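S.K.: In our numbering, the protein residues as written are 1173 to 1558.
Positions of the beta carbon are idealized from the N, C-alpha and C atoms, including for glycine.
Just so you know, these numbers come straight off a predicted model, no measurement behind them.
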Ligand code: COA
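1. Contact criterion: CB-CB distance below 7 Å. Does residue 1344 meet it with respect to chain C?
2. Which term fits residue 1541, buried or exposed, when burial requires 16 or more other beta carbons within 10 angstroms of its beta carbon?
3. Mind reading off the beta-carbon distance from residue 1472 to residue 1380? Whole number of angstroms is fine, and I expect it under 8 Å.
4. Within a Cβ cutoff of 6 Å, which residues of the same chain sit near residue 1215, ignoring the five residues on either side of it in sequence?
5. I think residue 1521 touches residue 1220, with their Cβ atoms under 8 Å apart; what is that distance to the nearest whole Å?
6. Assuming residue 1244 and residue 1307 make a contact with CB atoms under 8 Å, what is their CB distance in whole Å?
7. If you reduce the DSSP assignment to three classes, tell me which class residue 1511 lands in.
8. Measuring alpha carbon to alpha carbon, tell me which residue in 1511, 1198, 1548 and 1529 is nearest residue 1225.
9. Tell me whether the region 1228-1242 and the region 1307-1320 touch, counting them as touching only if at least three CB pairs, one residue from each stretch, are closer than 8 Å.
10. If you draw a straight line from the alpha carbon of residue 1196 to that of residue 1218, how long is it in whole angstroms?
11. Under 8 Å, with one C-beta from each stretch per pair, do the region 1421-1440 and the region 1292-1311 reach the 3-pair mark?
12. CB-CB under 8 Å to residue 1412, same chain, minus the five flanking residues each way: which ones, in chain order?
13. For residue 1348, name the three-state secondary structure that DSSP assigns.
14. In whole angstroms, what is the alpha-carbon distance linking residue 1538 and residue 1295?
15. Under 8 Å by Cβ, that's how I've got residue 1499 and residue 1455 pegged, so tell me the actual separation to the nearest angstrom.
16. Would you mind sorting residue 1257 into buried or exposed? The rule is 16 or more other CB atoms within 10 Å of its CB.
17. I'd like to know whether the C-beta atoms of residue 1179 and residue 1443 end up nearer to each other than 7 Å.
18. Identify whether residue 1454 lies in helix, strand or coil by the three-state DSSP scheme.
19. Run through DSSP, which three-state label would residue 1206 get?
20. Run through the region 1487-1531 for me and flag every whole beta strand (DSSP E) of 3 or more residues, listed as ranges in chain order.
21. Residues in its own chain within less than 6 Å of residue 1400 by CB, not counting five upstream and five downstream?
22. My parser needs the alpha helix (DSSP H) runs of 4 or more residues fully inside the region 1290-1365; what are they?
23. What beta strand (DSSP E) runs, 3 residues minimum, are completely inside the region 1378-1433?
24. Alpha carbon to alpha carbon, what distance is there between residue 1478 and residue 1523?
25. Under a Cβ-count criterion, where at least 16 other Cβ atoms within 10 Å of its own Cβ denotes burial, should residue 1261 be classed as buried or exposed?
26. Give a yes or no on whether the C-beta atoms belonging to residue 1493 and residue 1445 are separated by under 7 Å.
27. I'd like to confirm something about residue 1402: is its beta-carbon nearer than 6 Å to some heavy atom of the ligand COA, or not?
28. By the three-class DSSP mapping on this structure, what secondary structure does residue 1228 have?
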């Protein structure tokens, strides 16, 4: 009998050269480059191309990719019409998943995937990748207006990905500090080895489904609160705590009750997630930018992190990427239920890099199971049952 490991802990699901984690030391690399250096020196556009192609692009390659992204932002008005039919109370991740899945119908072209050459057709793969990375932020921003009863704001091609997203979402051109903070957030969330949503993308990609369906599967997986949906939960959780003084009592009650503390813990990291360290510094930066006033939620979050560390460090449970990102987005004026959508528009780069890698040496995923059911037995006609 094969050994069953719940949650496939420690089971390699694929070979990959896209990113790597040292969970003991708290180190994350994209294509060998430490996340701290990429956060400081790179941009979302450059990091995406690094993830996709495997090397830091030349100035010309980066300019071409950037131009392609800027030129592919518009979506057909039928997609807007479709989104207008969805309930305004729908969660933005549900809307994003629906809209991205629908792109497959509005923009066909994936039939070629069934020809043996398509998996090696890097132009096809690159073009699909560009379309998805360019359009997901647009869809997220469109929904923010549609759900409030307004027509979406048209994308602009004179802005970077981060600037255009904030412009379309908030309705005004962002100041450069805000835009750079968003850009860094997109770099930080772009890739993270074989997590649940990337695994979902690989499994879906391995069936030669269209890349839109691959990304729709990944979006649905990211939405769960144990994965990307945790950033929304963190802010809701912090709202339950009135002041830093209440943190210890609140935490002890939760832990006694065996409840999760959102934004803490990670299968891979046994120390603080390096992305959480950078995000915490970004909250500091934003607060400093706004005259030094510390948001009460940030103070509560820091007090909770310290109290949790004293109680959970022995289990290797520390702050993860979702702990501080929500506070940052809230400070930027983004509604809580849109946090995970922002995670998704960035992670699309990683998902698509893995899709490409999967196609380059594809074999359909078909794991086995440990059967725990009844032994073979004869059917009992309805008239002879109990
Ligand atoms: N709050 C309290 N205790 C936690 C915890 C948390 N957020 N995360 C893990 N633990 C504890 C578990 O209760 C368990 O304790 P036990 O051994 O006494 O039973 C131990 O740490 C191991 O946790 P486990 O759930 O087995 O880890 P996992 O690898 O299966 O799960 C997560 C990883 C991320 C799903 C889990 O840490 C979690 O649910 N975190 C909160 C959700 C979250 O922030 N997700 C975003 C991840 S980036």
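M.R.: Reading from the atomic positions:
1. The structure shown contains no chain C; it holds only a single protein chain.
2. On the chain shown, residue 1541 is found 369 positions in, with the first residue counted as 1. Residue 1541 comes out exposed.
3. Along the chain shown, one-based indexing puts residue 1472 at 300. Along the chain shown, one-based indexing puts residue 1380 at 208. Not really, about 48 Å apart at Cβ, beyond 8 Å.
4. Sequence index remark: in the chain shown, residue 1215 carries index 43 (1-based). 1355.
5. Locating residue 1521 in the chain shown gives position 349, where the first residue counts as 1. Locating residue 1220 in the chain shown gives position 48, where the first residue counts as 1. Contact flag correct, Cβ pair sits at about 4 Å.
6. Position 72 of the chain shown, counted from the first residue, corresponds to residue 1244. Position 135 of the chain shown, counted from the first residue, corresponds to residue 1307. Confirmed, Cβ separation roughly 7 Å.
7. For this step, residue 1511 is matched to residue 339 along the chain shown. DSSP places residue 1511 in helix when its eight states are reduced to three.
8. The residue labelled residue 1225 in the question sits at position 53 within the chain shown. The residue with the shortest Cα to Cα distance from residue 1225 is 1529.
9. No, the region 1228-1242 is not in contact with the region 1307-1320.
10. Residue 1196 sits at position 24 when you count from the first residue of the chain shown. Residue 1218 sits at position 46 when you count from the first residue of the chain shown. The alpha-carbon atoms of residue 1196 and residue 1218 are separated by roughly 28 Å.
11. no
12. Within the chain shown, the letter at position 240 stands for residue 1412. Closer than 8 Å at the Cβ level, and outside the excluded window around residue 1412, lie 1422.
13. Mapped onto the chain shown, residue 1348 falls at position 176. Residue 1348: helix per DSSP, three-state reduction.
14. The sequence position of residue 1538 within the chain shown is 366, counting from 1. The sequence position of residue 1295 within the chain shown is 123, counting from 1. Taking the straight line joining both Cα atoms gives about 28 Å.
15. As a working note, residue 1499 is residue 327 in the chain shown. As a working note, residue 1455 is residue 283 in the chain shown. Between residue 1455 and residue 1499 the Cβ distance is about 6 Å, and since that is below 8 Å, they are a contact.
16. In the chain shown, the residue the question calls residue 1257 occupies position 85. Exposed.
17. Within the chain shown, the letter at position 7 stands for residue 1179. Within the chain shown, the letter at position 271 stands for residue 1443. Contact flag unset, no.
18. Working through the chain shown from its first residue, we reach residue 1454 at position 282. Helix at residue 1454.
19. To locate residue 1206, count along the chain shown from 1; it is residue 34. In the three-state reduction of the DSSP assignment, residue 1206 falls in the strand class, which pools E and B.
20. none
21. Position 228 of the chain shown, counting from 1, holds the residue named residue 1400. Excluding positions up to five away in sequence, the list reads 1394, 1512 and 1515.
22. 1294-1318, 1333-1342 and 1348-1361
23. Contiguous beta strand (DSSP E) elements confined to the region 1378-1433 do not occur, taking only those with 3 or more residues.
24. Taking the chain shown and counting its residues from 1, the one referred to as residue 1523 is at position 351. Taking the chain shown and counting its residues from 1, the one referred to as residue 1478 is at position 306. Taking the straight line joining both Cα atoms gives about 33 Å.
25. Indexing the chain shown from 1 puts residue 1261 at position 89. Exposed, by the Cβ-count rule.
26. Here residue 1493 is taken as the residue at index 321 of the chain shown, counted from 1. Here residue 1445 is taken as the residue at index 273 of the chain shown, counted from 1. For residue 1493 and residue 1445, yes; Cβs fall inside 7 Å.
27. Within the chain shown, numbered from 1, the residue matching residue 1402 stands at position 230. It does: the Cβ of residue 1402 is within 6 Å (strictly closer) of some heavy atom of the ligand COA.
28. Against the chain shown, residue 1228 aligns to sequence position 56. Correct three-state label for residue 1228: coil.
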